[in-house]
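Below is one structure, written out as structure tokens; the observations come after it.
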Amino acid sequence: MSTHTEGHGDISTGVAGGDSNASATRITPGNALRPEDIALEVKTGLVKPSEDVAEYALRLGDDALILAQRLGHWISRAPELEEDIALGNIALDQLGHARSFLTYAGAGMLKEDGTAKSEDDLAYFRREHEFRSVQLFEQPNGDFAATIARQFVVSYYQYELYRRLTDSTDATLAAIAAKAVKEVDYHRDHSSQWILRLAGGTEESRTRMIHGLRLMWPYVGELFRDDELTQRLAEAGAAVAPSSLREDFDRLTAEVLAEAELEVPDVPAAPGGGRQGKHSEHLGYILAEMQVLAREHPGASW
Amino acid sequence: MIPTDSPTSQARPGTPVGVAPAGNPEMPAPAPEHHDRSAWGLWEVFVRSSRGLSHVHAGSLHAPDAAMALRNARDLYTRRNEGVSIWVVPADAIAASDPDSKGSFFESPQGKDYRHATYYTKSEGVKHL
């Protein structure tokens with residue numbers, strides 16, 4: 001993570017609209033919303049979330065951050081180099097969403113000196129029970145099929161969430177969601193393509209795909225649980241009630257599973273509690289690895 | 001080093017899709033078998049950077065089928081906003097000129113000035129040349 005707050009420099013080396021120097025490797029950064037833009041708005045006092053919105057942004061940011069850390073573990077370990085990069089890309093997309101949400105959340109959470117908490121303060125200097133991610137995101141990678149199963153659930157959930165959040169009365173949440181929804185749409189495509197191939201591949205790959213879905217499905221219910229915070233925010237139009245996403249999630253995931261000739265797993269739900277800081281035994285290990293450098297060398301930069 | 005997972009829950013490095021896991025979680029995992037790269041075919045990737053330009057060869061990649069080849073190409077070759085269109089072609093579907101026959105194939109036009117417009121003298125009075 002970076003705390004740079006400089007404006008958006010144009011590193012384009014070509015002129016938009018068909019110049020003679022254009023090539024297949026031309027680099028243009030595009031103009032999408034970046035975490036640095038949000039940090040700049042926070043610093044200059046242009047945006048400040050309410051206490052509720054900050055808490056809500058913290059939840060979504062923690063979900064994305066923990067998943068990014070999990071997926072990053074696949075780099076150099078995926079079945080093929082090409083899949084390393086695909087999972088790495090998804091991890092980086094999630095990290096981008098986490099940075100935006102956490103930067104915004106930090107603007108509503110002041111440090112002792114009265115300044116806003118940064119994304120790094122929130123990512124590296126909170127303890128396990130202070131994380132608000134639901135338990136699905138911290139579930140172990142398992143084998144490739146288990147990771148695809150987790151990604152399948154996450155991407156269909158996040159797509160429905162971000163698609164609706166683009167209409168939020170909170171302009172910053174809406175802007176983050178508008179950028180994220182396009183990326184998550186691709187994550188849906190990636191995971192469902194793999195579900196079809198693993199389920200329709202060899203007997204071994206099919207067995208593993210079924211097992212992966214059974215491992216992850218107990219954590220599905222927690223994604224769609226409402227509480228007082230989401231109720232208050234949903235009534236105000238700032239957030240989306242998680243329960244309202246369930247119908248579309250069920251319908252769309254069932255379509256993919258039906259095409260793959262798989263059943264929706266019939267497994268008991270896990271108790272959950274991630275939104276209240278109750279986590280499975282896995283999160284502590286993730287945080288230890290993720291936070292050790294920042295805690296050993298506070299303020300280090302490279 | 002701090003492990004992020006218990007060893008038994010972790011996919012072993014290099015384990016390809018479709019290779020059986022260690023049967024007993026208490027037993028150390030056997031050495032991963034060498035993955036047969038030929039299981040995934042080679043694809044050549046062509047990227048068009050903007051409208052009005054041609055697709056340009058960007059590189060190659062491995063993929064199990066055309067649909068995944070397109071997705072892998074998107075991830076590998078358009079990460080920095082490089083393209084508006086991608087083609088993928090099975091590498092063995094491309095017929096290439098023989099590098100050893102360079103002389104007969106590509107050097108024959110040398111010295112044939114008359115194939116260039118500059119060889120010819122402009123006739124008097126012809127405009128816009």
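Protein chains in written order, with the UniProt record's numbering: chain A, 1 to 302; chain B, 1 to 129.
The beta carbon of each residue, even a glycine, is placed where N, CA and C say it ideally should be.
As the structure is a computational prediction, the values presented were derived from the model and not from experiment.
Beta-carbon proximity check, residue i vs residue j, cutoff 7 angstroms
| i | j | result |
| --- | --- | --- |
| alanine 177(A) | threonine 166(A) | yes |
| leucine 213(A) | alanine 258(A) | no |
| glutamate 222(A) | leucine 61(B) | no |
| tryptophan 43(B) | valine 84(B) | no |
| arginine 132(A) | glutamate 119(A) | no |
| alanine 54(A) | leucine 71(A) | no |
| histidine 73(A) | asparagine 31(A) | no |
| serine 168(A) | alanine 175(A) | no |
| residue 141(B) | isoleucine 85(A) | Since the displayed chain B opens at 1 and closes at 129, residue 141(B) lies outside it and no answer follows. |
| serine 192(A) | valine 256(A) | yes |
| alanine 67(B) | valine 45(B) | no |
| alanine 145(A) | arginine 225(A) | no |
| tyrosine 124(A) | alanine 294(A) | yes |
| phenylalanine 101(A) | glycine 61(A) | yes |
| tyrosine 104(A) | threonine 172(A) | yes |
| tyrosine 77(B) | alanine 58(B) | yes |
| arginine 188(A) | serine 155(A) | yes |
| isoleucine 94(B) | valine 47(B) | no |
| glycine 108(A) | proline 35(A) | no |
| aspartate 93(A) | leucine 233(A) | no |
| valine 42(A) | arginine 164(A) | no |
| tyrosine 219(A) | alanine 270(A) | yes |
| isoleucine 210(A) | alanine 260(A) | no |
| aspartate 170(A) | alanine 64(A) | no |
| glutamate 128(A) | glycine 284(A) | yes |
| methionine 50(B) | glutamate 82(B) | One point to set straight first is that residue 50(B) is serine, not methionine, in the sequence displayed. In this structure, glutamate 82(B) does not lie closer than 7 angstroms to serine 50(B) by Cβ. |
Residues that residue i bridges to, as DSSP identifies them
| i | result |
| --- | --- |
| glycine 61(A) | Answer by DSSP bridge pairing: none, since glycine 61(A) is not bridged. |
| histidine 211(A) | Bridge partners of histidine 211(A): none, in fact. |
| phenylalanine 105(B) | None, per the DSSP bridge assignment. |
| proline 90(B) | Trp43(B) |
| isoleucine 56(B) | Isoleucine is not the amino acid found at residue 56(B); the sequence shown has valine there. Valine 56(B) is bridged to Val47(B). |
| histidine 63(B) | Rather than histidine, the amino acid found at residue 63(B) in this sequence is alanine. Gly41(B). |
| alanine 116(A) | Leu110(A) |
| serine 85(B) | Arg48(B) |
Closer than 8 angstroms at the beta carbon, the chain B residues around residue i
| i | result |
| --- | --- |
| alanine 86(A) | Arg71, Asn72 and Asp75 |
| histidine 190(A) | Arg71 |
| arginine 34(A) | Result: empty, since nearest Cβ-Cβ is about 14 angstroms, beyond 8 angstroms. |
| arginine 214(A) | None at all; the shortest Cβ gap to chain B is about 14 angstroms. |
| arginine 275(A) | Correct list: empty, because the minimum Cβ distance to chain B is about 22 angstroms. |
Residue i: contacting residues in chain A (beta-carbon distance under 8 angstroms)
| i | result |
| --- | --- |
| glutamate 63(B) | Inspection of the sequence shows that residue 63(B) is occupied by alanine rather than by glutamate. In chain order: Glu82. |
| alanine 67(B) | Gln193 |
Beta-carbon neighbours of residue i, restricted to chain A and to distances below 7 angstroms
| i | result |
| --- | --- |
| tryptophan 40(B) | Glu80 |
Contacts that residue i makes with chain B (C-beta to C-beta distance below 9 angstroms)
| i | result |
| --- | --- |
| arginine 295(A) | Those do not exist, as arginine 295(A) stays about 12 angstroms from chain B at its closest Cβ, beyond 9 angstroms. |
| arginine 59(A) | Ordered by position in chain B, no residue passes the 9 angstroms Cβ test against arginine 59(A), which lies about 22 angstroms from the chain. |
| residue 304(A) | The structure shown does not extend to residue 304(A), since chain A is modelled only from 1 through 302, so no value can be given for it. |
| arginine 132(A) | The contacting residues do not exist; arginine 132(A) stays about 20 angstroms from chain B at best. |
Legend entry - Given 8 angstroms, three or more beta-carbon pairs between the stretch 239 to 248 of chain A and the stretch 157 to 171 of chain A: Result yes; three or more Cβ-Cβ pairs closer than 8 angstroms.
Inset, instruction - Please confirm if the stretch 111 to 121 of chain A is in contact with the stretch 198 to 212 of chain A, defined as three or more CB-CB distances below 8 angstroms between the two stretches. - result: When Cβ pairs closer than 8 angstroms are counted between the two stretches, the stretch 111 to 121 of chain A is seen not to touch the stretch 198 to 212 of chain A, the count staying below three.
Legend entry - the stretch 86 to 100 of chain A: positions lying closer than 8 angstroms to chain B by Cβ: Those residues of the stretch 86 to 100 of chain A that come within reach of chain B (Cβ to Cβ, closer than 8 angstroms) are Ala86 and Asn89.
Inset, instruction - Evaluate the contact criterion for the stretch 131 to 139 of chain A versus the stretch 265 to 282 of chain A: three or more CB pairs, one atom per stretch, below 8 angstroms. - result: Short answer: they touch.
Inset, instruction - Anything in the stretch 232 to 263 of chain A with a Cβ closer than 9 angstroms to a Cβ of chain B? List those residues in chain order, please. - result: Here the close residues number zero.
Inset, instruction - Evaluate the contact criterion for the stretch 180 to 189 of chain A versus the stretch 229 to 246 of chain A: three or more CB pairs, one atom per stretch, below 8 angstroms. - result: The stretch 180 to 189 of chain A and the stretch 229 to 246 of chain A do not touch, with fewer than 3 CB-CB distances between them shorter than 8 angstroms.
Inset, instruction - Could you name the residues of the stretch 119 to 130 of chain A whose beta carbon sits closer than 9 angstroms to any beta carbon of chain B, in the order they occur along the chain? - result: Among the residues of the stretch 119 to 130 of chain A, none has a Cβ less than 9 angstroms away from any Cβ of chain B.
Legend entry - Residues, ordered as in the chain, of the stretch 147 to 165 of chain A that lie near chain B by beta-carbon distance below 7 angstroms: Residues: none.
Inset, instruction - Give a yes or no on contact between the stretch 279 to 297 of chain A and the stretch 58 to 69 of chain A, applying the rule of three or more CB pairs nearer than 8 angstroms. - result: Yes, the stretch 279 to 297 of chain A is in contact with the stretch 58 to 69 of chain A.
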